[in-house]
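Novice:
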Amino acid sequence: MASPLRSLAYLLPQLWRALKEGPHTVKYPFDPVELPAGYRGRVIIRAENCRGCSMCVRDCPAFALELEREGRDAYRLIYHPERCAYCGQCELSCNFDAISLSNEFVPGKPDRKDLGVVLVNKEG
Ligand code: SF4
Ligand code: SF4
1 MASPLRSLAY
11 LLPQLWRALK
21 EGPHTVKYPF
31 DPVELPAGYR
41 GRVIIRAENC
51 RGCSMCVRDC
61 PAFALELERE
71 GRDAYRLIYH
81 PERCAYCGQC
91 ELSCNFDAIS
101 LSNEFVPGKP
111 DRKDLGVVLV
121 NKEG
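Once you know that position 53 of the sequence shown is 53 in the numbering used here, the rest is easy, because the numbers rise by one and skip nothing.
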């Protein structure tokens, strides 16, 4: 176990640096956060490109995408961010440039079952 003197010798310079340089954290969500290039955030859709082929659903390893089909032409593509692994496989699997990962966080909700998002709601 570290002695109190050794702990102080470590902490005091850190404290001095923090006081001198100011906080290194941001007040998210009250201030914007600058995310690094290539950050893999929530899944977004260009609905006009989607054909309902379900390749993204088939290849999603986390079962985070769901396609509900109603008849031949009508379907709903649903995204479950609480299951998403942010792997980007859906983007790679889509042949129509419809689905991709954005540079944004998933907004939080008090109940995880309310996180689901209907990405495409195509009526027949
Ligand atoms: S990023 Fe990965 S886990 Fe998330 S929906 Fe796409 S394929 Fe599924
Ligand atoms: S997002 Fe792409 S892969 Fe997924 S259903 Fe639409 S067209 Fe098919």
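All C-beta atoms in this analysis are idealised placements derived from N, C-alpha and C, irrespective of residue type, glycine included. These numbers were taken from a predicted model, which means no experiment stands behind them.
Excluding sequence positions up to five away, which residues of its chain have a Cβ less than 8 angstroms from the Cβ of residue 67?
Specialist: As a working mapping, residue 67 is identified with position 67 in the sequence shown. Result list for residue 67: 52, 54, 57, 75, 76, 77 and 78, in chain order.
Novice: Whose C-alpha, out of 41, 114, 108 and 73, is nearest the C-alpha of residue 91?
Specialist: Numbered from 1 along the sequence shown, position 91 holds the residue referred to as residue 91. For the residues 41, 114, 108 and 73, the minimum Cα distance to residue 91 belongs to 41.
Novice: In chain order, what residues of the same chain lie with their CB nearer than 8 angstroms to the CB of residue 62, ignoring the 5 residues before and after it?
Specialist: Walking along the sequence shown from the start, residue 62 turns up at place 62. 83, 84, 85 and 87.
Novice: For ligand 1, I want to know if residue 126 counts as a neighbour, meaning its beta carbon is within less than 8 angstroms of at least one of the ligand's heavy atoms.
Specialist: Only positions 1 to 124 of the chain appear in this structure, which leaves residue 126 out of reach.
Novice: Determine the direct distance from the alpha carbon of residue 34 to that of residue 27, and round the result to whole angstroms.
Specialist: Here the question's residue 27 lines up with position 27 in the sequence shown. Here the question's residue 34 lines up with position 34 in the sequence shown. In this model, residue 27 and residue 34 are separated by some 12 angstroms (Cα to Cα).
Novice: Cα separation between residue 127 and residue 64?
Specialist: Any question about residue 127 goes unanswered here, given that the chain covers just 1 to 124.
Novice: Indicate, with yes or no, if ligand 2 has a heavy atom lying under 8 angstroms from the CB of residue 22.
Specialist: Locating residue 22 in the sequence shown gives position 22, where the first residue counts as 1. Incorrect: residue 22 has no Cβ contact closer than 8 angstroms to ligand 2.
Novice: Can you pull the DSSP bridge partners for residue 121?
Specialist: To locate residue 121, count along the sequence shown from 1; it is residue 121. Note: residue 121 sits in a beta bridge opposite 76.
Novice: Using only CA atoms, which one of 69, 73 and 89 lies nearest to residue 43?
Specialist: Counted from its first residue, the sequence shown places residue 43 at position 43. Answer by Cα proximity: 89.
Novice: Would you mind stating whether residue 81 and residue 116 have Cβ atoms separated by less than 9 angstroms?
Specialist: Your numbering for residue 81 matches position 81 in the sequence shown. Your numbering for residue 116 matches position 116 in the sequence shown. For residue 81 and residue 116, yes; Cβs fall inside 9 angstroms.
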